[in-house]
Amino acid sequence: MKGVFCEHGPRYLTLSDSGPLTGVRLAVKDIFQLKGEKNTAGSPEWFNTHPPANKTALSLQQLLEAGSTFTGFTHLDELAYSMQGSNLHYGSADNPKLPGYFCGGSSMGSAAAVASGTADIGLGTDTGGSVRVPASYCGLFGIRTSHSLIPTDGVIGLAPCFDTVGWFSQTPSLLVDVGKILIPSQHLSTNKVTHLVICPEISQLADTPIQAAIQEFIPTLNNQFPICEIKHLPDIELLGELANVFRILQGRAIANTHGDWLRKYRPVFSKDIATRITMALSITDDEISWANEKRQQWCKLMETLLPDNSSVLLVPTTPTTAIKKGTDSESSKVQTNRQRLLGLTAIAGLWGAPQCHLPLFSIVENGINTGGKEIEKPSGFSLIMTPRSDFSLLALVEQLTKSLEGIAGSTQGAT
Numbered sequence: 012m013k014g015v016f017c018e019h020g021p022r023y024l025t026l027s028d029s030g031p032l033t034g035v036r037l038a039v040k041d042i043f044q045l046k047g048e049k050n051t052a053g054s055p056e057w058f059n060t061h062p063p064a065n066k067t068a069l070s071l072q073q074l075l076e077a078g079s080t081f082t083g084f085t086h087l088d089e090l091a092y093s094m095q096g097s098n099l100h101y102g103s104a105d106n107p108k109l110p111g112y113f114c115g116g117s118s119m120g121s122a123a124a125v126a127s128g129t130a131d132i133g134l135g136t137d138t139g140g141s142v143r144v145p146a147s148y149c150g151l152f153g154i155r156t157s158h159s160l161i162p163t164d165g166v167i168g169l170a171p172c173f174d175t176v177g178w179f180s181q182t183p184s185l186l187v188d189v190g191k192i193l194i195p196s197q198h199l200s201t202n203k204v205t206h207l208v209i210c211p212e213i214s215q216l217a218d219t220p221i222q223a224a225i226q227e228f229i230p231t232l233n234n235q236f237p238i239c240e241i242k243h244l245p246d247i248e249l250l251g252e253l254a255n256v257f258r259i260l261q262g263r264a265i266a267n268t269h270g271d272w273l274r275k276y277r278p279v280f281s282k283d284i285a286t287r288i289t290m291a292l293s294i295t296d297d298e299i300s301w302a303n304e305k306r307q308q309w310c311k312l313m314e315t316l317l318p319d320n321s322s323v324l325l326v327p328t329t330p331t332t333a334i335k336k337g338t339d340s341e342s343s344k345v346q347t348n349r350q351r352l353l354g355l356t357a358i359a360g361l362w363g364a365p366q367c368h369l370p371l372f373s374i375v376e377n378g379i380n381t382g383g384k385e386i387e388k389p390s391g392f393s394l395i396m397t398p399r400s401d402f403s404l405l406a407l408v409e410q411l412t413k414s415l416e417g418i419a420g421s422t423q424g425a426t
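Here you go:
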């Protein structure tokens with residue numbers, strides 16, 4: 012499968028024939044180290060300038076010890092610094108749920124493996140949306156965990172202040188099963204979630220068809236929670252600044268993490284990623300001060316939206332459905348979409364909170380852009396909870412999905 016599985020690394024590896032994940036096939040983003048093997052991190056230059064790992068990444072080790080079967084390393088965007096799902100060197104994974112469209116990135120290979128049925132679990136990372144975006148585009152359940160909850164030991168970092176471990180599956184029950192393995196035992200308790208929070212200003216960041224599809228779910232969701240609250244943001248301007256806040260803080264973290272290697276080897280990247288790296292290496296201290304102040308303001312605002320772990324916030328995961336392959340990564344449309352994506356993914360990312368995508372509806376398009384053919388494009392929505400409420404969030408996702416069975420469907424989109 013072009014753009015999905017890497018040529019290097021084992022294609023079948025199991026450490027245990029017993030355990031809760033016995034027989035479960037695991038596709039692994041080529042950023043998790045496996046003892047004795049090398050990684051590309053999406054870059055052939057990285058592969059050529061780094062030795063084989065002397066230890067397996069902790070999260071990967073835990074999944075293997077639980078009985079899962081390693082089925083291969085999967086491709087990612089270069090250094091995981093993109094949400095499009097393309098790689099100059101290794102190609103672009105085709106979207107199994109929407110042929111001819113991108114999977115989204117950067118965990119594109121892991122998402123494609125699960126969406127195609129080649130794997131049951133796709134192990135990935137999420138810094139700025141690298142699990143959430145592919146989950147939305149490929150119609151998968153996917154979680155970005157709370158920052159620092161699951162150790163990233165043995166995972167090649169992008170921006171450590173935002174890097175998290177995440178995973179995909181076709182079912183919420185398997186998402187929960189993985190959570191039981193990876194989430195530290197002291198955080199495996201669950202609490203009753205009684206408050207559903209909806210913020211109109213956040214919902215309006217998505218295209219109209221996605222907003223409409225979410226709106227159709229709200230009456231049913233109201234029946235699942237004792238309290239459903241509409242909360243308005245007191246600072247709309249701050250919401251509009253989130254993408255730039257995240258861009259600046261992530262960029263400085265990338266410069267601190269990879270700056271020396273980038274300057275020494277000058278690896279070749281696609282034009283859009285090369286542009287972002289140049290930006291990251293030139294961020295000023297004044298920009299960092301501004302961004303840190305804005306981040307603190309946003310965290311305080313989120314604490315008013317979700318004051319404790321009995322509340323959950325419903326948001327669009329992505330502003331649009333998947334992008335058609337062949338779209339120039341430097342086009343104004345793609346760059347605008349990236350800015351819009353960051354505006355949504357930064358909501359949880361800047362707070363360090365867990366976010367899970369539920370692929371409970373699709374958007375039907377029929378018009379010029381689809382050649383006059385009716386196409387169902389995967390979509391859905393996300394739930395966000397307070398930091399370190401991950402297992403409660405997973406349990407809630409499983410519960411809601413069962414309750415909403417038969418309601419999930421399609422919404423007519425714009426032509």
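So the sequence shown is numbered by the numbering used here: it starts at 12 and just counts up by one. Think of the CB as a built atom: it goes at the ideal place given N, C-alpha and C, for glycine as much as any other residue. Predicted model, so just to flag it, every value in this text is computed and none were measured.
The shortest CA-to-CA distance from T329 to any of V176, N233, G139, T25 is the one to G139. Bridge pairing for G153: F179, H368 [DSSP].
For G135, DSSP records a beta bridge to G177. A direct Cα-Cα distance of roughly 21 angstroms separates L250 from S147. For the pair T85 and R36, the CB atoms are not nearer than the 8 angstroms cut-off. Residue pairing by DSSP places E76 in no beta bridge whatsoever.
Within the DSSP bridge table, the entry for E376 names I386 as partners. According to the DSSP assignment, I265 belongs to no beta strand (DSSP E) but to the alpha helix (DSSP H) extending over 247-276. Residue state for H206 is assigned as strand, using DSSP reduced to three classes. Scanning its chain for C-beta atoms nearer than 7 angstroms, with the 5 sequence neighbours on each side dropped, one finds around S29 the residues G78, in chain order. Straight-line spacing of the CA atoms in E76 and L160 works out to 20 angstroms. W178 is positioned such that its CB atom lies no closer than 8 angstroms to that of I194. Around the Cβ of H269, a 10 Å sphere holds 16 or more other Cβ atoms; the residue is buried.
In terms of Cβ geometry, L325 and L207 form a close pair [threshold 8 angstroms]. Taken atom to atom, the span from the alpha-carbon of Y23 to that of M313 is near 43 angstroms. When rounded, the separation of the alpha-carbon atoms in K344 and F113 is 14 angstroms. Residue burial is scored here from C-beta neighbours: H158 has at least 16 other C-beta atoms within 10 angstroms and is therefore classed as buried. The beta carbons of D105 and S97 sit about 11 angstroms from each other, so the pair does not count as a contact at 8 angstroms.
DSSP places T163 in the coil class of the three-state scheme, outside both helix and strand. Classified as buried, S141 has 16 or more neighbouring CB atoms from the shown chains inside 10 Å of its CB.
If you look at I241, you'll find it isn't in any alpha helix (DSSP H); it sits in the beta strand (DSSP E) that goes 238-241.
For S118, the secondary structure class from DSSP, reduced to helix, strand or coil, is coil. If you keep only unbroken alpha helix (DSSP H) runs of at least 4 residues inside the segment 24-52, you get nothing at all.
Nearest in C-alpha terms to P21, of all of G47, P31, T33, L32, is G47.
Residue pairing from DSSP places P327 in a beta bridge opposite F392. Between the beta-carbon of V204 and that of S403 there is about 6 angstroms, and that keeps the pair under the 8 angstroms contact cut.
Assignment of beta-bridge partners to S322 by DSSP yields H206. Straight-line spacing of the CA atoms in I229 and T219 works out to 15 angstroms. Rounded to whole angstroms, the separation of the alpha carbons of T129 and L69 is 24 angstroms.
As computed with DSSP, T85 is found in a beta bridge with F16, K40.
Nearest to Y276 by alpha-carbon distance, out of L74, F58, A223, is F58.
Burial is judged here by how many other beta carbons sit within 10 angstroms of a residue's own beta carbon; I238 has fewer than 16 and is exposed.
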